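Just so we're on the same page, the working numbering is the position in the sequence shown counted from 1, plus 184.
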Amino acid sequence: MVVPEHQDSDPANVLIEKEAHSDQVDAVIKETPDQSIWVFGYGSLIWKPPIHYESKQGYWLYQELRSSILAGFQHSEDHRGTPEKPGRVVTLIPFDEWKTIEDVHGHDDVTWGVAFKIPSTDVEATRAYLDHREKNGYTVHTVDVYSAEDDQKPAVKDALVYIATTDNEAYVGPAPLEQIAKQVYETYGPSGWNAEYLLNLAEALREISPEARDDHLFDLERLVKDLINNNKSS
């Protein structure tokens, strides 16, 4: 299948988001003695990290927000899809809001991810890289992240995390898993096949820790693999 030509978002909107990112990142850097920053990655950042990082810590738990790849809430028109045929990617939503959504898998209170320490010499380059990569509805926030060994005391305070909040235009809400699986299987974008994104995410999650589970994600992975295998045999 040919990947459709990429179409950027409205440049004015991208600039507004970048300005908001810069203000928040500057505030975090000022509070850091060595002028470094931490970035928490919960989606493709787990298996496709920032270009520059000093250290990478796995087995991190992030509380208070919930990964919503489970229900495929966020459209991707710039990486894993196009405006005409958007894909589905990860975002995070507040856990209190997540609990109101019907989910046969239950409501876990953690999201697994990876924390990256970005040295001061590479902060500006990393900011520019992430602002471009996460431009389709995402804004930057600060969060505390926890290790599997101690879920009471933050292992890292004020890590930066990119979140597409529920009021952004690309947020689409829940949908049946079968519908999401079909969309993921059929969709391509400038960054590649949407199914590749999903399969890489599921595999990367398993590699973080044996304890890392996301049953909804793994069920979606199974459905997409079934579509792939059925297409091969037909």
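C-beta atoms are modelled at their ideal positions from N, C-alpha and C, and glycine is treated no differently. These numbers were taken from a predicted model, which means no experiment stands behind them.
Can you tell me where the alpha helix (DSSP H) holding residue i begins and where it ends?
i	result
K421	Outside the modelled stretch of the chain, which goes from 185 to 418, sits residue 421, for which no answer is possible.
T310	307–317
R390	378–392
Residue i lies in the beta strand (DSSP E); which residues open and close that run?
i	result
L276	276–278
A354	Unbroken run through A354: none, as it is neither H nor E.
Taking all protein chains shown into account, do 16 or more other C-beta atoms lie within 10 angstroms of the C-beta of residue i, making it buried, or fewer, making it exposed?
i	result
H259	buried
I302	buried
H400	buried
N378	buried
Q336	exposed
H263	buried
E318	buried
R158	Not covered by the structure: residue 158. The range shown for the chain is 185 to 418.
G357	exposed
D280	exposed
S375	buried
P267	exposed
E261	buried
D334	exposed
P278	exposed
Per the DSSP calculation, residue i is bridged to which residue(s)?
i	result
T326	L344
H259	R272
I302	I221
T349	None, per the DSSP bridge assignment.
Q241	A299
P334	For the record, residue 334 in the displayed sequence is Asp; it is not Pro. D334 pairs with S331.
G373	G376
So, for residue i: in the same chain, excluding its five sequence neighbours on each side, which residues have a beta-carbon less than 7 angstroms away from its beta-carbon?
i	result
L404	L361, I364, A365, L382
S304	D218, Q219, S220
Y237	F300, K301, I302
A396	W296, L389, R390
P234	V223, F300, I302, T310, Y313, L314
K409	none
Closer than 8 angstroms by C-beta to residue i: which residues in its own chain qualify, once you throw out the five before and the five after it? Chain order, please.
i	result
S239	F300, K301
Please list, in chain order, all residues of the same chain as residue i whose beta carbon is under 6 angstroms from its beta carbon, the five residues on each side excluded.
i	result
L411	Y369
V345	F224, H325, V327
E387	none
V307	I221
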